[in-house]
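Same order as they appear, the protein sequences are chains U and E. Just so you know, we're using numbering that gives the first Met the number 0 here: the first sequence kicks off at 0 and counts up by one. Just so you know, we're using numbering that gives the first Met the number 0 here: the second sequence kicks off at 0 and counts up by one. The C-beta atom is built at its ideal place from N, Cα and C for all residues, glycine as well. These numbers were taken from a predicted model, which means no experiment stands behind them.
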Amino acid sequence: MRPALLLCALLAAAPVAAEDLQVWIDHPVGDEFVHGVVSFVVAVSGEQTEGATVEFAVDGRSLGTMIRPPFKVDVDVGNDNVSHEFVAIARARGGLEARTTVLTPKLMVDEALQLNLQQFYITASNSSGRVLDLERDDFRVVEEGKEQQIVTFERGDVPLTSVLLLDCSLSMTGEPLEAALEGASLFLDGMNELDEAMVMLYSDSLLRASDFSASRDTLRDALAGVGASGGTAINDHLYLALKKLDPRQGRSVIVLFSDGSDVHSVLSMSEVAEKVRRSQALIYWIYLRLRPGESVDKVPTYMATWRNMEASQSEFRLLRKAVEESGGRVQVVDHLEELDDAFVGIMTELREQYVIGYYPSNSAKDGSWRDVKLRVKRSGVKVRAREGYAAYP
Amino acid sequence: MDRKYPGKTRDRYCRQWAISLALVGALAAAGPVSAERRLDIDRLEKSYVAALDLLAQGQREQALDALMALEIEALGKVPTAGRIDRVWRHKLAVVKRALELSSPELLVPVIVLHHDAYELYREAQQPVLARHARDMATDLATYKAQSSKSPEDKQFAGWVITSFGEALLDLRTSGTSAGILRDALDISPRNPAALLGLAWAHEIHGEYEDAVALLERLLEIQAGHDQARLRLAVCKRRLGELESAHAELTRLLNRATQPWIRSIVYQELARTLISLGRLEAAEVIARDGFEEMPGDQEIAILFASISERRGKPAKADAVVKLVKPVGEGVPSARYIYDDRPDLEIDEVRSTLHAMMEERLDVLASGLRWWNGDGAPGEGATEEGGGR
């Protein structure tokens with residue numbers, strides 16, 4: 000309930016005019032997520048403030064009554080990501096009473112993040128598969144060697160915004176492209192009501208792009224009737240996808256489908272990798288390997304005027320590194336019939352992630368890279384997440 | 000340069016040597032008839048003369064058909080090297096006989112006929128026959144140029160060989176193409192198409208110094224060749240010659256008109272300035288490019304990226320919002336640059352055909368020993384192979 004409405008309702012029932020005794024909460028304010036120790040500050044005014052007392056209550060539990068100003072108390076509300084109800088009751092000597100309430104919100108990960116909050120999307124697994132029953136206390140966050148306090152913890156179906164970034168260059172002609180489009184469609188089938196996605200089809204140029212939409216039909220339309228043609232500019236379009244996600248709130252994901260040979264981009268992968276570090280987007284790369292069975296470490300060789308063989312190999316390695324740094328992964332696909340599972344598997348993985356947030360103890364925005372280690376106390380459980388972040392303003 | 004691309008192969012040298020011998024009368028030493036039991040030499044030579052006769056009468060397409068029919072019959076699908084060599088020698092014997100009765104200019108129509116057959120064999124995906132046609136035309140053109148030493152003959156040979164090099168100028172066959180183009184330049188060092196094509200082949204192999212040398216030669220011949228200057232600047236930037244690259248690009252910015260070239264000029268200028276540590280100037284150039292070509296995705300993306308690096312994410316957002324899909328079938332500037340360059344070879348081929356038409360009477364004169372009814376005339380007293 001909104002505090003103002005609550006106050007009005009109470010005052011309407013009060014025997015004394017409101018101007019005789021007024022009370023309000025200076026802190027916390029109603030739209031701010033709070034956790035840990037919070038200063039609860041109350042002010043009173045009106046003709047009957049002389050000798051007035053203030054009772055403090057949080058979440059239905061009375062903290063006590065103060066008999067003189069300043070009406071301020073520090074209270075530990077805990078670190079759970081929950082909303083809290085702060086109630087202040089002022090009482091005048093003559094029995095006159097005024098009350099006000101502030102409801103602080105739960106932090107929603109699909110809302111605008113507070114500037115300093117760092118969020119990590121974590122996939123946990125053990126030898127049996129995905130681990131889905133971890134609690135907040137099972138996790139540890141260490142930034143640059145310093146333990147951090149986890150302030151937000153979510154599990155499961157956190158809404159997500161994704162970009163399906165599909166290579167439609169000539170090398171994808173025929174069955175590869177058809178299989179990729181079908182896989183992408185299955186990915187869209189896995190979207191929840193609050194999810195949104197954008198389809199971007201590229202070759203050496205951006206061929207087609209939908210708007211962000213929650214409508215699967217709209218998104219599927221964007222996949223229909225495209226043919227393979229032209230060259231390949233992965234770097235440019237990955238940058239474009241990251242930029243499209245910049246203004247989006249909450250969890251963001253790029254699913255890149257490509258055979259991995261950038262030929263025509265104007266941006267180098269090292270430039271895009273810098274952008275990846277600034278972004279919180281997870282990148283999943285479905286890598287269609289043209290020579291099945293080769294080690295994933297074996298880099299494709301390709302020559303072009305823009306990138307000779309050596310540069311082409313370097314670009315490939317940097318792309319893979321950027322994907323892993325983002326907290327996503329490279330899904331190698333050797334056979335086209337594996338593509339459906341690859342797309343669906345990524346969506347499933349996203350549905351089974353943990354989301355952890357913390358305010359870094361080092362709040363300096365100096366552009367430096369902060370190495371972050373996420374650990375799980377439970378033995379045998381491995382986690383995969385972004386490896387850190389760049390502390391840009 | 001030779002270490003990077005296949006040069007003249009040994010068999011090519013052998014043929015050069017052999018053609019010279021043939022044309023000075025030493026072909027008789029080629030070997031006894033018994034060594035060619037399975038090849039009907041009379042039939043081969045008569046058919047070849049008939050094909051040339053059709054050409055001399057102006058029936059080019061029929062001549063091509065006749066030539067290809069006899070070659071396919073004589074060589075089969077998978078001919079041995081020895082068989083190819085024998086067919087080659089007996090065709091040369093016919094040409095030699097014609098040369099004895101006419102001028103070397105009759106070689107022009109013969110060369111162009113084989114040149115055209117090469118195209119048809121390639122289209123028919125007959126690589127061995129195509130190679131045979133290419134060798135025949137190349138060897139005759141080279142012989143003509145080396146015999147006369149005239150600039151016109153060298154230029155003609157250069158165009159013929161460049162035409163073959165151009166046909167193979169793509170990623171997979173760039174090595175072969177480079178070898179052919181280098182042959183063209185050996186004969187005709189100022190051939191612009193060969194210089195540009197060979198420079199491109201070096202560029203895709205990352206051999207930027209070689210590419211620079213060729214492009215500078217080309218620009219000495221055609222200072223206004225914008226594509227050559229652009230490639231020169233790009234290669235220089237990669238070699239770290241940033242100030243020189245910047246100067247070439249600035250010059251191009253003031254004169255180039257083709258949109259794809261202007262797009263690359265803006266991109267490369269910005270990238271050069273970044274490499275020089277002049278990020279602010281790079282942003283200005285990218286902005287100028289974006290203002291001139293707002294629909295150019297590459298410039299827009301580069302501009303957004305530089306703006307973001309300059310601490311202007313909102314500007315980058317605004318630019319990115321303007322990036323719209325171009326649809327299929329619209330190549331980007333960088334794609335055009337990367338693709339095999341247009342050597343304007345159609346014009347060259349038209350010139351070759353015009354030269355051929357002008358010399359058909361010379362060819363007819365050389366074939367006058369042929370009585371036209373399928374049998375050699377009085378001049379052909381020897382049997383095939385010049386024996």
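Rounded to whole angstroms, the gap between the alpha carbons of E:Pro-340 and E:Gly-196 is 7 Å.
Close to U:Met-308, with beta-carbon spacing below 9 Å, are these residues of chain E in chain order: His-204, Gly-205. For U:Thr-122, the three-state secondary structure derived from DSSP is strand. For U:Gly-356, there is no enclosing alpha helix (DSSP H); the residue is part of the beta strand (DSSP E) that begins and ends at 353-357. Each residue's CA atom was taken as its position, placing E:Ala-65 and E:Met-135 some 16 Å apart. Note on E:Gln-296: 16 or more other CB atoms within 10 angstroms of its CB, so buried under the neighbour-count rule. For E:Ser-101, no CB of chain U lies under 8 Å from its own CB, so it is not counted at the interface with that chain.
Not a single C-beta of chain U is nearer than 8 Å to the C-beta of E:Ala-255. Of the residues assessed, E:Ile-220 falls on the exposed side of the cut-off, its CB having fewer than 16 other CB atoms within 10 angstroms. Tyr-336, Asp-337: these are the residues of the segment 336-351 of chain E whose beta carbon lies less than 8 Å from some beta carbon of chain U, given in chain order. With 16 or more other Cβ atoms inside 10 Å of its own Cβ, E:Arg-236 counts as buried. Taking E:Ile-305 as the centre and dropping the five residues before and after it, the same chain places the C-beta of Ala-281, Glu-282, Ala-285 closer than 6 Å to its C-beta, in chain order.
Assignment of E:Lys-143 by DSSP, reduced to helix, strand and coil, places it in the helix class.
Residue-level contact check: E:Gly-223 does not touch chain U, since none of the beta carbons of chain U fall below 8 Å from its beta carbon. Contact check for U:His-26 against U:Val-43 fails: the beta carbons are separated by 8 Å or more. Judged by DSSP secondary structure, E:Ser-243 falls within the alpha helix (DSSP H) whose first and last residues are 241-252. Under the three-state reduction of DSSP, U:Asp-370 is assigned to strand.
Note that the segment 192-204 of chain U touches the segment 165-174 of chain U; at least 3 beta-carbon pairs, one per stretch, sit closer than 8 Å. Spatial neighbours of U:Lys-243 in its own chain (CB-CB distance under 7 Å, excluding positions within 5 residues in sequence) are listed in chain order as Val-162, Met-197. For U:Lys-243, the nearest CB of chain E lies under 8 Å from its own CB, placing it at the interface with that chain.
Using a Cβ distance threshold of 8 Å, U:Leu-222 and U:Val-275 do not count as a contacting pair.
Rounded to the nearest angstrom, the Cβ distance from E:Ala-144 to E:Ala-132 is 19 Å, too far for a contact under 8 Å. In terms of beta-carbon proximity, E:Pro-324 lines the interface with chain U, with at least one pair separated by less than 8 Å.
According to the DSSP assignment, E:Arg-277 belongs to no alpha helix (DSSP H), since it is labelled neither H nor E. In chain order, Asp-225, Arg-261, Val-264 place their CB closer than 7 Å to the CB of E:Ala-255, counting only its own chain and leaving out the 5 sequence neighbours on each side.
Each residue's CA atom was taken as its position, placing U:Met-302 and U:Leu-318 some 17 Å apart. When the beta-carbon positions are compared, E:Tyr-47 and E:Lys-95 stay at least 8 Å from each other. For U:Pro-158, the nearest beta carbon of chain E is not closer than 8 Å to its own beta carbon. Closest option to U:Gln-147, judged by alpha-carbon separation, among U:Ala-178, U:Asp-188, U:Ser-362: U:Ser-362. Below the 8 Å Cβ cutoff, chain U contributes Val-265, Leu-266 as neighbours of E:Leu-301, in chain order.
The straight-line gap separating the alpha-carbon atoms of E:Ala-313 and U:Ile-88 is approximately 46 Å. In chain order, Arg-90 place their CB closer than 6 Å to the CB of U:Glu-96, counting only its own chain and leaving out the 5 sequence neighbours on each side. Looking at the DSSP output, U:Glu-142 bridges to U:Lys-145, U:Val-371.
For a Cβ distance threshold of 8 Å, nothing in chain E lies close to U:Thr-217: the least Cβ distance comes to about 15 Å.
U:Met-302 reaches chain E at Leu-170, Ser-173, Ile-203, His-204, Gly-205, counting residues in chain order whose Cβ is nearer than 9 Å. Using a CB distance below 8 Å, the part of the segment 220-244 of chain U facing chain E consists of Val-225, Gly-226, Ser-228, Gly-229, Gly-230, Ala-232, Asp-235, Tyr-238, Leu-239, Lys-242, Lys-243, ordered along the chain.
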